[in-house]
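One gets the numbering used here by counting positions in the sequence shown from 1 and adding 54 to each. Since the structure comes first, as structure tokens, the remarks are kept for the end.
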Amino acid sequence: MTPQARAWLCSNLVPLRHAAVRLGREADVESLVAEVRADPASPEDSRLDVLSRALGGPPVVVRGVGDLASGGDLGARLPGGGGGLPAQVTYRCPSLACARQGERTPGGPLPLCALSDEPMTMTAVTQ
Numbered sequence: 055m056t057p058q059a060r061a062w063l064c065s066n067l068v069p070l071r072h073a074a075v076r077l078g079r080e081a082d083v084e085s086l087v088a089e090v091r092a093d094p095a096s097p098e099d100s101r102l103d104v105l106s107r108a109l110g111g112p113p114v115v116v117r118g119v120g121d122l123a124s125g126g127d128l129g130a131r132l133p134g135g136g137g138g139l140p141a142q143v144t145y146r147c148p149s150l151a152c153a154r155q156g157e158r159t160p161g162g163p164l165p166l167c168a169l170s171d172e173p174m175t176m177t178a179v180t181q
């Protein structure tokens with residue numbers, strides 16, 4: 055599965071699971087999640103699209119989803135490190151297996167990867 059499709063899956067896993075429960079197809083969703091966890095390159099993007107549509111969900115759209123435009127670990131942008139403070143902070147997939155980016159409400163909980171249930175990694179984005 056492409057990183058963009060994994061990002062789509064991570065972003066839409068909760069509603070897919072809810073739809074699967076309503077239709078009695080939880081095993082289909084959990085099988086796909088287990089397969090992605092075991093081998094992020096598998097399965098094909100089309101399998102996710104077929105499953106989403108079968109559950110009454112939207113088509114899987116991966117265009118326009120990509121890696122961070124620029125940025126790196128937050129430590130690379132600390133004062134005295136040559137870059138100053140970051141203009142923006144975002145959160146990324148903890149395993150770097152997908153292109154999903156998350157936001158955090160100030161003082162709120164860290165965003166979680168829906169596939170691994172791990173906190174997403176803070177990343178500085180420069181403009």
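Backbone N, C-alpha and C define an ideal beta-carbon position, used for all residues, glycine too.
Mind checking which residues open and close the alpha helix (DSSP H) that includes residue i?
| i | result |
| --- | --- |
| VAL68 | 57 to 77 |
| SER100 | 99 to 108 |
| VAL116 | Counting along the chain, VAL116 falls outside any alpha helix (DSSP H), and DSSP gives it neither H nor E. |
| SER85 | 80 to 92 |
Comparing alpha-carbon positions, which option in the options lies nearest residue i?
| i | options | result |
| --- | --- | --- |
| GLU187 | CYS167, SER106, TYR145, ALA168 | Beyond the ends of the chain as shown, which are 55 and 181, falls residue 187; an answer cannot be given. |
| GLY78 | ALA108, ALA168, PRO173 | ALA108 |
| PRO112 | ASN66, ASP171, GLN58, SER149 | ASN66 |
| ALA59 | ARG71, VAL114, SER149, GLY161 | VAL114 |
| ALA88 | ASP171, VAL116, THR175, MET176 | ASP171 |
| SER149 | VAL179, MET174, ASP99, TRP62 | MET174 |
| GLU80 | LEU166, SER100, SER106, VAL116 | SER106 |
| VAL83 | VAL104, ASP93, ALA95 | VAL104 |
Name the DSSP bridge partner or partners of residue i?
| i | result |
| --- | --- |
| PRO173 | LEU166 |
| GLY205 | This structure leaves residue 205 out entirely; the chain is present only between 55 and 181. |
Which residue comes first and which comes last in the beta strand (DSSP E) that contains residue i?
| i | result |
| --- | --- |
| PRO146 | In the sequence on display, residue 146 carries Arg and not Pro. Unbroken beta strand (DSSP E) run through ARG146: 142 to 146. |
Indicate whether residue i and residue j have their beta-carbon atoms separated by less than 8 Å.
| i | j | result |
| --- | --- | --- |
| ALA151 | VAL68 | no |
| MET55 | LEU102 | yes |
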